[in-house]
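In our numbering, the protein residues as written are 149 to 477.
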């Protein structure tokens, strides 16, 4: 195995913390000596100890002279735990390979500097794009002080989310609906509008069956005060632009927006969406009613919301399109 393969293993370990790390980062660590893995670790918020420290404890004295791989720069500051960079130095590791610098202003390269100052060889930037996508919500939360917003849409090939009579269950396949629950598992809150709540009475829960450290928070946008009996939900009466401020103040690192066509458009126009995940069923409904995205629409082509870094995959019979939103549209 080479450096890239070991870094990919740190990604696999880090993903074990999905649902268990917010408002922290997904981090995995691998210790390699004489061409074989001798220890591994991954971070969870309630576990407190960082991935590197867990792996060092597992390796014991064998960590001396070894190479440590992480998907995120080892921390250099005293937080809930002592600095990981110091723990690596004290353990006598020879080399550290990391995918990216920690965007936390308290770290941001200082961990790498600490290691190098102590004579540890450090390499950074291997598979950095993948590492940044893995922790995209954490990066946004730390650098921009706001919650990372994901818009989910399930529609037919001709862009409809329901029939003209309003039937919408189910547009997409069982496989896609299962994947949506995995999407819900990755976020801290699920946001929808009062119209959806009153019409469909959705449960707004994470039914992935996977562990999470805190319950998924239902958030209902209800400026007209129409909803009053949804236990455990945050009833938000303000403007969309204020939503991410409210959520980030609650340490909500990320949210998934599932709602009607007008809410989807208004959320995009308000600039609170960073990523779109669209499930496209190979079906045609026709008609002018109930498009996937509605609202007032744009007057000029130049006003279109541009998307980038898009990708496609299959989920059962459906197509899944993922794209990122240019926030400066």
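Glycine is no exception: its CB is placed at the ideal position from the N, C-alpha and C atoms.
Annotated as proximal: residue 412 and residue 440, with beta-carbon spacing under 8 Å.
Pairing residue 338 with residue 358 gives a Cβ-Cβ distance that is not under 8 Å.
When rounded, the separation of the alpha-carbon atoms in residue 264 and residue 257 is 11 Å.
Counting the other Cβ atoms within 10 Å of the Cβ of residue 157 gives 16 or more, which makes it buried. Residue environment for residue 149: exposed (fewer than 16 other C-beta atoms within 10 angstroms of its C-beta). Beyond the five residues adjoining it in sequence on each side, residue 310 comes within less than 7 Å, by CB distance, of 316 and 438 in the same chain, given in chain order.
In its chain, beyond the 5 residues on either side, 176 have a beta carbon closer than 8 Å to the beta carbon of residue 160.
Short of 7 Å from the beta carbon of residue 266, and not among the five residues preceding or following it, lie these beta carbons of its own chain, in chain order: 237. Taking the Cα of residue 278 as reference, the smallest distance to any Cα among 305, 249, 392 and 428 is reached at 249. Here DSSP, grouped into helix, strand and coil, assigns residue 328 to helix.
Taking the CA atoms as reference points, residue 200 sits about 25 Å from residue 400. In this structure residue 456 is exposed. Its beta-carbon is surrounded by fewer than 16 other beta-carbon atoms within 10 angstroms. In the DSSP assignment, residue 441 falls outside any alpha helix (DSSP H), carrying neither H nor E. Per DSSP, residue 163 has no beta-bridge partner at all. Per DSSP, the continuous beta strand (DSSP E) segment holding residue 270 begins and ends at 269-272. Distance from the Cα of residue 254 is smallest, within the candidate group 270, 235, 231 and 272, for 231. About 5 Å separates the CB atoms of residue 275 and residue 247; that is less than 8 Å, so the two are in contact. With a cutoff of 8 Å on beta-carbon distance, residue 270 and residue 260 are scored as near each other. Per DSSP, the beta bridge partners of residue 384 are 369. Rounded to the nearest angstrom, the gap between the Cα atoms of residue 417 and residue 190 is 38 Å.
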